[in-house]
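Mapping to the UniProt record's numbering: the sequence shown position 272 is 272, numbers consecutive.
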Amino acid sequence: MKKSRLKMNRRRRKSNIVLVFIFCIILPIMAIYIGLRVTEKWVSPALNMEFEDDDYSIDLEDILVDDNDEDEVKNVDNDDVEDVEMLVGEINSMSIFTIQVASLSDKDNIENLINNLNQQRLSYLVYQIEDSFKVYTHGFTRRPYVEEKLSEVREVFEDAYINEIHFPIKEIKFEKNNYEKLYKGTIENLNDLIDIMEKQSEAWYNNYEKEGDMDIYVELLKKQQSTLDNLSTDINENLLPQSFPSKNNVEKMIHYQRSNINRSLEIIEEDDQENLYRLHSLYLDSLFRIVEVIK
């Protein structure tokens, strides 16, 4: 009986040793081998593909300004890329003062209001802000010019008040490279346009309304037309910096301002006294076309 028990114990010990050998040595070795094969087959190719792609070098080449290709490649290989020098141009600040006679949410009411303004020979502009339509009259770039008109407007629209819109200086950043003069020219043309609109405001108030003289205003319209031509050439021939206003908005402004200039010159040439007040409506439209660009 004792001998049989001893044999059974020996067999158990042997089986235990075998199990320990399998779990502690064989299985870990197999796991390592399988892991290496998986890494070799699936992980390594993905990493190799990532490093084989040369996107990083391409991105750097797009950023570099130097015209020497050999230097560019050298800079990329050495991870020693010089910072691109940036210049800052400024679009001038601008202020607009108008008399607001209404704020409407329903388009159907606008037509009646415009008819009333036309009967009173008052210039007007309807400007949409979100879901409401603001109706303005007598707009200038200086507040005193508008203040003088407020009492007259309140005889028809009792709740009329002065509305102010101010736009601070807007910075335009661009690279200092061969296109510097072109960028600078574009910014200067836009600033010239803002300056012309301010001078037209003064000419309308000081020369036309006080003295009945349209000559200076006509000269400014023609100067505006020339500046628009220059600006149109600039935005179509040159690559604009990202911080510059939307090209699409600038093109729209140019289109509508040209149309306003042509119509204004027609009214003046025809000496259409009944519609001279419409000249100021056209001016207001041109003024707010700039707003759509610099806002």
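Built from N, CA and C at the ideal position, the CB exists for glycine as well.
Which residues bound the beta strand (DSSP E) around residue i?
i	result
T141	No beta strand (DSSP E) holds T141; DSSP gives it neither H nor E.
Y127	L125 to I129
List the residues that DSSP assigns as beta-bridge partners of residue i.
i	result
residue 298	With the chain covering only 1 through 295, there is no way to say anything about residue 298.
V101	According to DSSP, V101 bridges with nothing at all.
K173	V88
S132	I129
Y161	Q100
Would a C-beta distance cut-off of 8 Å place residue i and residue j closer than the cut-off?
i	j	result
V146	I129	no
L125	S281	yes
L87	K176	yes
S123	T141	no
F167	K295	yes
N230	N189	yes
Q200	L228	no
K164	S95	Sequence inspection shows Glu at residue 164; the Lys mentioned does not correspond to that position. Cβ distance < 8 Å, so E164 and S95 count as in contact.
I196	N92	no
M205	M214	Note that residue 205 is Tyr in the sequence shown, not Met. For Y205 and M214, no; Cβs fall outside 8 Å.
V250	V291	no
Y217	R121	no
F133	I114	no
I267	N275	yes
Give the range of the alpha helix (DSSP H) segment to which residue i is assigned.
i	result
K247	K247 to E270
N207	Note, N207: premise wrong, no alpha helix (DSSP H); not H, not E.
F288	L276 to I294
L221	D215 to E237
L113	I110 to Q119
By the 10 Å Cβ neighbour count, where 16 or more other Cβ atoms means buried, how is residue i classified, buried or exposed?
i	result
Y283	buried
R289	buried
E40	Residue placement at E40 is poorly supported in this model, since its pLDDT is 40, which falls under 50; the coordinates still yield a value, given next. With fewer than 16 Cβ atoms within 10 Å of its Cβ, E40 is classed as exposed.
L150	exposed
S246	exposed
L279	buried
L287	buried
T186	buried
V153	buried
N260	buried
Q273	exposed
D234	buried
V101	buried
V84	exposed
E211	exposed
D59	Any answer about D59 is weak, because its pLDDT of 30 lies below 50 and its placement is not dependable; what the coordinates show is given next. Classification of D59: exposed, given that the 10 Å Cβ count is below 16.
L239	exposed
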